[in-house]
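Heads up: the sequence lines are chains A and B, in that order. Read in order, the letters of the first sequence are residues 1 to 235 in the working numbering. Read in order, the letters of the second sequence are residues 1 to 235 in the working numbering. Just so you know, even glycine gets a beta-carbon here, dropped at the ideal spot from N, CA and C. Computed from a predicted model, the values in this text were never measured in an experiment. Report on one structure; see the data block that follows.
2 protein chains.
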Amino acid sequence: MIKIVVIGSGNVAFHLIKQIEKSDEIQFIQNYTRLSTHIKEADLYIVAVSDDAIAEVSASLAVKNKLVVHTSGTQPMSVLSDHIRKGVWYPLQTFSKQKKVDFKTIPFCIEATTEADYQLLERVTVCLTASFFRISSEQRKSLHVAAVFVCNFVNQMYQIGSQICEEHQVPFDILRPLIQETAKKIQYLPPKQAQTGPAFRNDSKTIQSHLDFLEEKQMQTIYTLITKSIQQTHG
Amino acid sequence: MIKIVVIGSGNVAFHLIKQIEKSDEIQFIQNYTRLSTHIKEADLYIVAVSDDAIAEVSASLAVKNKLVVHTSGTQPMSVLSDHIRKGVWYPLQTFSKQKKVDFKTIPFCIEATTEADYQLLERVTVCLTASFFRISSEQRKSLHVAAVFVCNFVNQMYQIGSQICEEHQVPFDILRPLIQETAKKIQYLPPKQAQTGPAFRNDSKTIQSHLDFLEEKQMQTIYTLITKSIQQTHG
Numbered sequence: 001m002i003k004i005v006v007i008g009s010g011n012v013a014f015h016l017i018k019q020i021e022k023s024d025e026i027q028f029i030q031n032y033t034r035l036s037t038h039i040k041e042a043d044l045y046i047v048a049v050s051d052d053a054i055a056e057v058s059a060s061l062a063v064k065n066k067l068v069v070h071t072s073g074t075q076p077m078s079v080l081s082d083h084i085r086k087g088v089w090y091p092l093q094t095f096s097k098q099k100k101v102d103f104k105t106i107p108f109c110i111e112a113t114t115e116a117d118y119q120l121l122e123r124v125t126v127c128l129t130a131s132f133f134r135i136s137s138e139q140r141k142s143l144h145v146a147a148v149f150v151c152n153f154v155n156q157m158y159q160i161g162s163q164i165c166e167e168h169q170v171p172f173d174i175l176r177p178l179i180q181e182t183a184k185k186i187q188y189l190p191p192k193q194a195q196t197g198p199a200f201r202n203d204s205k206t207i208q209s210h211l212d213f214l215e216e217k218q219m220q221t222i223y224t225l226i227t228k229s230i231q232q233t234h235g
Numbered sequence: 001m002i003k004i005v006v007i008g009s010g011n012v013a014f015h016l017i018k019q020i021e022k023s024d025e026i027q028f029i030q031n032y033t034r035l036s037t038h039i040k041e042a043d044l045y046i047v048a049v050s051d052d053a054i055a056e057v058s059a060s061l062a063v064k065n066k067l068v069v070h071t072s073g074t075q076p077m078s079v080l081s082d083h084i085r086k087g088v089w090y091p092l093q094t095f096s097k098q099k100k101v102d103f104k105t106i107p108f109c110i111e112a113t114t115e116a117d118y119q120l121l122e123r124v125t126v127c128l129t130a131s132f133f134r135i136s137s138e139q140r141k142s143l144h145v146a147a148v149f150v151c152n153f154v155n156q157m158y159q160i161g162s163q164i165c166e167e168h169q170v171p172f173d174i175l176r177p178l179i180q181e182t183a184k185k186i187q188y189l190p191p192k193q194a195q196t197g198p199a200f201r202n203d204s205k206t207i208q209s210h211l212d213f214l215e216e217k218q219m220q221t222i223y224t225l226i227t228k229s230i231q232q233t234h235g
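Following this line, the structure appears as structure tokens:
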């Protein structure tokens with residue numbers, strides 16, 4: 001039975017604890033937060049705090065020769081410098097407070113200083129029903145940048161679409177099936193093969209009529225730039 | 001029984017014919033293409049050809065006092081000028097040759113010169129198991145622009161993400177669950193409420209480290225522009 005202490009009181013810590021408690025093969029020991037005075041004995045200490053706090057919080061943990069990991073996509077493993085046995089266990093998913101998390105849809109990016117500790121993290125991941133990938137700190141950084149494009153920037157495209165709908169009294173609901181289908185396609189096609197639309201077809205008449213329609217300067221700039229990007233990809 | 005002739009030989013015509021044939025309440029009469037010499041008698045003529053060809057193809061149809069519609073998101077209804085009874089019947093979805101189309105996920109944007117013809121198009125849409133919205137030519141234009149953002153531009157964000165993965169030897173597969181979840185959130189949340197990430201948090205340290213990481217000038221420009229757009233939305 002692998003004993004686990006979770007450090008932190010945010011979204012990730014919350015969902016993690018709930019999932020650990022569901023498993024029979026790993027044991028939730030303690031949620032260590034700002035108000036805790038004493039840290040309990042465990043096999044694994046998961047530091048699920050904000051990026052800026054990882055160094056300080058991990059340094060303050062009074063544990064010796066135990067595996068300490070953080071869950072950040074942006075921080076290198078070396079930020080846990082006070083601990084000999086260290087690792088990173090980064091869930092590459094978007095968490096919302098409002099929504100239940102299905103751990104089956106979370107790939108964990110795992111890194112550790114020793115193979116034994118890597119294996120321990122793999123076992124914990126399996127117990128949580130999640131999937132895993134062996135990812136170095138450098139690779140994780142590239143994944144985090146890529147995630148900003150495919151999650152945050154994609155969501156901003158949804159936001160601009162919804163703004164256009166609102167300005168013209170059209171329900172955004174009409175676009176929801178298209179949004180769903182566009183994401184679904186990517187589950188089995190590479191994005192390059194999935195592309196359609198006026199930029200892809202070099203349909204300059206439609207592109208110009210869209211730019212005339214948009215009016216707002218910043219939307220036009222985004223439209224032009226991403227149109228060019230599509231044309232370069234397929235040029 | 002509503003009798004239907006489909007004009008055209010592209011993707012939309014192909015999927016449409018297959019679906020009409022499944023219904024017991026509407027009847028597929030003919031697929032009229034470049035090689036056809038004689039057009040058959042029907043209640044509804046659906047012109048599913050490329051935008052540039054609609055005017056010419058529809059003008060060449062030897063039918064009188066029959067409802068003629070096109071399926072384009074960009075063309076006004078008036079492009080069917082040779083016909084008195086006209087309409088637009090625009091399926092707002094992305095079609096791929098490789099993939100089966102589920103008509104339940106297609107909202108049709110309907111417009112017609114008379115209420116009776118509008119009702120006829122609504123009935124046909126229901127027979128195909130699809131959903132419908134009453135949309136004017138002007139509204140349809142705004143929907144088409146919005147669709148470019150939420151479909152084509154979103155797909156280009158996927159493409160850039162996949163390029164970053166490739167350059168750093170990370171499997172793009174790790175990002176697929178995140179892509180899926182980001183689209184799923186939008187099925188019940190407005191995009192503004194769904195946003196997360198460094199731009200949303202005004203985390204300038206992470207933003208700068210991402211820009212340093214990207215190196216390629218055009219990716220940096222896109223990153224900066226969409227980051228600003230997110231910050232304006234949430235400013």
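So, at 6 Å on beta carbons, what are the nonlocal neighbours of residue i in its own chain, with the 5 sequence-adjacent residues on each side left out?
{"i": "Ala299 (chain A)", "result": "Absent from the model: residue 299 (chain A). The displayed extent of chain A is 1 to 235, so no value can be given."}
{"i": "Ile106 (chain A)", "result": "Pro91, Gln93 and Ala130"}
Alpha carbon to alpha carbon, what distance is there between residue j and residue i?
{"i": "Phe103 (chain B)", "j": "Leu128 (chain B)", "result": "7 Å"}
{"i": "Thr33 (chain B)", "j": "Lys185 (chain B)", "result": "42 Å"}
{"i": "Ala53 (chain A)", "j": "Phe172 (chain B)", "result": "30 Å"}
{"i": "Glu111 (chain A)", "j": "Thr224 (chain A)", "result": "40 Å"}
{"i": "Ala59 (chain B)", "j": "His83 (chain B)", "result": "8 Å"}
{"i": "Ile222 (chain A)", "j": "Phe153 (chain B)", "result": "10 Å"}
{"i": "Arg134 (chain B)", "j": "Ser9 (chain A)", "result": "48 Å"}
{"i": "Lys217 (chain B)", "j": "Leu211 (chain B)", "result": "9 Å"}
{"i": "Gln139 (chain B)", "j": "Gln169 (chain A)", "result": "8 Å"}
{"i": "His144 (chain A)", "j": "Gln180 (chain B)", "result": "16 Å"}
{"i": "Ile26 (chain B)", "j": "Ser136 (chain B)", "result": "25 Å"}
{"i": "Thr196 (chain B)", "j": "Leu67 (chain B)", "result": "48 Å"}
{"i": "Ala183 (chain A)", "j": "Ala183 (chain B)", "result": "6 Å"}
{"i": "Asn155 (chain A)", "j": "Ile2 (chain B)", "result": "42 Å"}
{"i": "Ala116 (chain A)", "j": "Val150 (chain A)", "result": "33 Å"}
{"i": "Gly235 (chain B)", "j": "Gln187 (chain B)", "result": "24 Å"}
{"i": "Tyr158 (chain A)", "j": "Thr37 (chain A)", "result": "45 Å"}
{"i": "Asp203 (chain A)", "j": "Thr71 (chain B)", "result": "17 Å"}
{"i": "Val148 (chain B)", "j": "Arg123 (chain A)", "result": "43 Å"}
{"i": "Glu296 (chain B)", "j": "Gly73 (chain A)", "result": "With chain B represented from 1 up to 235, any question about residue 296 (chain B) goes unanswered, as that position is not in the structure."}
{"i": "Tyr118 (chain A)", "j": "Lys99 (chain B)", "result": "40 Å"}
{"i": "Leu61 (chain A)", "j": "Leu35 (chain A)", "result": "13 Å"}
{"i": "Asn31 (chain A)", "j": "Ala146 (chain A)", "result": "31 Å"}
{"i": "Arg201 (chain A)", "j": "Arg201 (chain B)", "result": "37 Å"}
Using C-beta distances below 7 Å, list every residue in its chain close to residue i, excluding the 5 sequence neighbours before and after it, in chain order.
{"i": "Val63 (chain B)", "result": "Ile39 and Tyr45"}
{"i": "Ala199 (chain A)", "result": "Ile207, Thr227, Ile230 and Gln231"}
{"i": "Thr233 (chain A)", "result": "Lys192"}
{"i": "Gln75 (chain B)", "result": "Asp51 and Ile54"}
{"i": "Phe95 (chain A)", "result": "Asn11, Val12, His15 and Val101"}
{"i": "Leu214 (chain A)", "result": "Gln220 and Tyr223"}
{"i": "Ser23 (chain A)", "result": "Cys127 and Leu128"}
{"i": "Met77 (chain A)", "result": "Lys86, Gly87, Val88, Glu111 and Ser137"}
{"i": "Ala194 (chain B)", "result": "Lys185 and Ile186"}
{"i": "Val57 (chain B)", "result": "Ile7, Val47 and Val49"}
In chain order, what residues of the same chain lie with their CB nearer than 8 Å to the CB of residue i, ignoring the 5 residues before and after it?
{"i": "Thr125 (chain B)", "result": "Trp89, Phe108, Ile110, Ser131 and Phe132"}
{"i": "Ile160 (chain A)", "result": "Met219 and Ile222"}
{"i": "Val69 (chain B)", "result": "Leu44, Tyr45, Ile46, Val47, Leu80, Lys86, Gly87, Val88, Trp89, Ala112 and Leu121"}
{"i": "Phe28 (chain B)", "result": "Ile4, Val6, Ile17, Ile20 and Glu21"}
{"i": "Asn65 (chain B)", "result": "Ile84 and Arg85"}
{"i": "Lys114 (chain A)", "result": "The sequence shown places Thr at residue 114 (chain A), rather than the Lys named in the question. Once the five neighbours on either side are set aside, the close Cβ partners of Thr114 (chain A) are Arg85."}
Assuming residue i and residue j form a contact by the criterion Cβ under 8 Å, report the distance between their Cβ atoms to the nearest whole angstrom.
{"i": "Ile174 (chain B)", "j": "Leu92 (chain A)", "result": "6 Å"}
{"i": "Asn209 (chain A)", "j": "Ile164 (chain B)", "result": "Note that residue 209 (chain A) is Ser in the sequence shown here, rather than Asn. With a Cβ gap of about 32 Å, Ser209 (chain A) and Ile164 (chain B) do not count as contacting."}
{"i": "Pro190 (chain A)", "j": "Ser162 (chain B)", "result": "7 Å"}
{"i": "Ser42 (chain B)", "j": "Ile17 (chain B)", "result": "Residue 42 (chain B) is actually Ala in this sequence, not Ser. Actually they are not in contact, since the Cβ atoms of Ala42 (chain B) and Ile17 (chain B) sit about 13 Å apart, beyond 8 Å."}
### Query
Taking the runs of the beta strand (DSSP E) that are 3 residues or longer, which of them lie wholly in the stretch 40-121 of chain B?
Segments of the beta strand (DSSP E) lying fully in the stretch 40-121 of chain B: 44-47, 67-70, 86-91 and 107-112.
### Task
Could you list the residues in the stretch 171-184 of chain B with a C-beta less than 9 Å from some C-beta on chain A, going in chain order?
Within the stretch 171-184 of chain B, the qualifying residues are Pro171, Phe172, Asp173, Ile174, Leu175, Arg176, Pro177, Leu178, Ile179, Gln180, Glu181, Thr182, Ala183 and Lys184.
### Message
Give me the subset of the stretch 123-134 of chain A whose CB atoms are less than 9 Å from a CB atom of chain B, sorted by chain position.
### Response
So the close ones are Ser131 and Phe133.
#### Entry: Positions along the stretch 62-94 of chain B whose CB lies within less than 7 Å of some CB in chain A
Within the stretch 62-94 of chain B, contact with chain A at the beta-carbon level (separation under 7 Å) is assigned to Thr74, Leu92, Gln93 and Thr94.
### Task
Anything in the stretch 148-172 of chain B with a Cβ closer than 9 Å to a Cβ of chain A? List those residues in chain order, please.
Answer set for the stretch 148-172 of chain B: Val148, Phe149, Val150, Cys151, Asn152, Phe153, Val154, Asn155, Gln156, Met157, Tyr158, Gln159, Ile160, Gly161, Ser162, Gln163, Ile164, Cys165, Glu167, His168, Gln169, Val170, Pro171 and Phe172.
### Query
Which runs of the alpha helix (DSSP H) spanning at least 4 residues fall entirely within the stretch 166-194 of chain A, listed in chain order?
Runs of the alpha helix (DSSP H) inside the stretch 166-194 of chain A: 176-185 and 191-194.
### Query
Any residues in the stretch 208-224 of chain B with a beta carbon nearer than 8 Å to a beta carbon of chain A? Which ones, in chain order?
Only Ser209, His210, Phe213, Leu214, Gln218, Thr221, Ile222 and Tyr223 from the stretch 208-224 of chain B bring a Cβ to less than 8 Å from some Cβ of chain A.
### Residues, ordered as in the chain, of the stretch 34-46 of chain B that lie near chain A by beta-carbon distance below 9 Å
Hits within the stretch: zero.
### Query
Along the chain, which unbroken stretches of the alpha helix (DSSP H) at least 4 residues long are found entirely within the stretch 9-44 of chain B?
Look at the stretch 9-44 of chain B and you find these whole runs of alpha helix (DSSP H), each 4 residues long or longer: 11-20.
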